[in-house]
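Residue numbering for the sequence shown follows our numbering, beginning at 648 and increasing consecutively. Step one of this worksheet: look at the structure below.
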Amino acid sequence: MNVLLLGGAGLLGSALRATVPADVQLAAPPHARLDVTDAAALERGLDLARPDWVLLCAAYTAVDRAESEPEAAHRLNAQAPALLARLCAARGVRVLMPSTDYVFDGRGTRPWREDDPTGPRSVYGRSKRAGEVALFESGAQALVLRTSWLFGGQARSFPRTMWERARAGQDSRVVHDQRGSPTYAGDLARWIWALLSLAPTGVLHAANAGVASWAEIAERVYAAAGRAQGITRVASTEYPTPAPRPSYSVLDCARLDALLPLPRRPWGAALDEFLSELRAEGAA
Ligand SMILES: NC(=O)c1ccc[n+]([C@@H]2O[C@H](COP(=O)([O-])OP(=O)(O)OC[C@H]3O[C@@H](n4cnc5c(N)ncnc54)[C@H](OP(=O)(O)O)[C@@H]3O)[C@@H](O)[C@H]2O)c1
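This is how it looks when you write it as structure tokens:
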């Protein structure tokens, strides 16, 4: 299978590159060589790689900065998927685009299902939702894979920041009234590779099992760093951010479980694996 990965240097893209199955021929041109907002560059990339699938991991992911840069977020998260999907539809190429729990308003009380009404509250969430809609309107065979609270690898992520603060002897005040499903990029990458041969379309939710608040994640990281008392739980109102966050964004992953025989491990076990990697980095 030929796969074209766009955004391969990012958090998820790096995990995908680290887990490529033997039967996949992967082309992963860097941003400098293929800008996903450039139609001619996309056409060249598609004609060169002749992919069965495009994995569109290039995205505008600075959730708070997006509030003051809505055009940039929209260009990358909505216009680029629309452009790519049109080109893919014309060539019979399948497209997978990760999306986010932030397309929901966060006011639910049970895990969000794929067909629940969306209601993004931030510029980032609205731009990702517009990208989802554009993909489905393009006529391409498209899969939108919504995930949440990613961590792993060398990229910046919440657990990595907490680890670095704990190791530097800094305490942290962390919100405890937002709940979601943390997801290890390595696990998500393996699910993605397994899904490609099944060629599903539509929307799929994919996250590690279980529910956590940001404070619970931070407490596990601090405990692993030997500073169990370093976290103070606070309310979101005490930690205002430019972009509003959903207070409940747990994803219902039953559709993924029905498709893949792989067990989805709990977020805590996945986080422990990442913490071992962080420990090994420190020892190196
Ligand atoms: N991170 C999360 O917690 C999270 C949660 C839910 C969903 N998601 C979704 O998962 C996907 C991957 O996220 P991520 O965290 O892996 O993102 P990321 O680490 O921010 O990586 C984004 C990648 O896109 C590249 N890029 C940016 N502009 C580009 C352009 N014009 N042309 C080509 N490449 C460009 C970046 O390259 P440069 O660095 O060179 O610009 C970077 O390699 C996104 O769709 C995101 O919305 C992420």
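Beta carbons: idealized from backbone N, C-alpha and C, even for Gly.
Contact between alanine 662 and alanine 832 holds: CB atoms are separated by about 4 Å, below the 8 Å threshold.
Residue state for leucine 790 is assigned as strand, using DSSP reduced to three classes. Of Gly929, Ser896 and Pro908, the smallest CA-CA separation from threonine 765 is found for Ser896. Nearest C-alpha to threonine 879 among Pro893, Ala862, Ala656 and Ala916: Ala862. DSSP, reduced to helix, strand and coil, places tyrosine 831 within a strand of the structure shown. Counting the other CB atoms within 10 Å of its CB gives glutamate 866 a total of 16 or more, which places it among the buried residues. Remark: three or more beta-carbon pairs, one from each stretch, lie closer than 8 Å, so the segment 720-734 and the segment 781-792 are flagged as touching. Each residue's CA atom was taken as its position, placing leucine 797 and alanine 890 some 18 Å apart. A distance below 7 Å separates the beta carbons of histidine 852 and leucine 898. Valine 742 is positioned such that its CB atom lies closer than 7 Å to that of alanine 787. Residue range 717-721 is occupied by the alpha helix (DSSP H) that includes proline 717.
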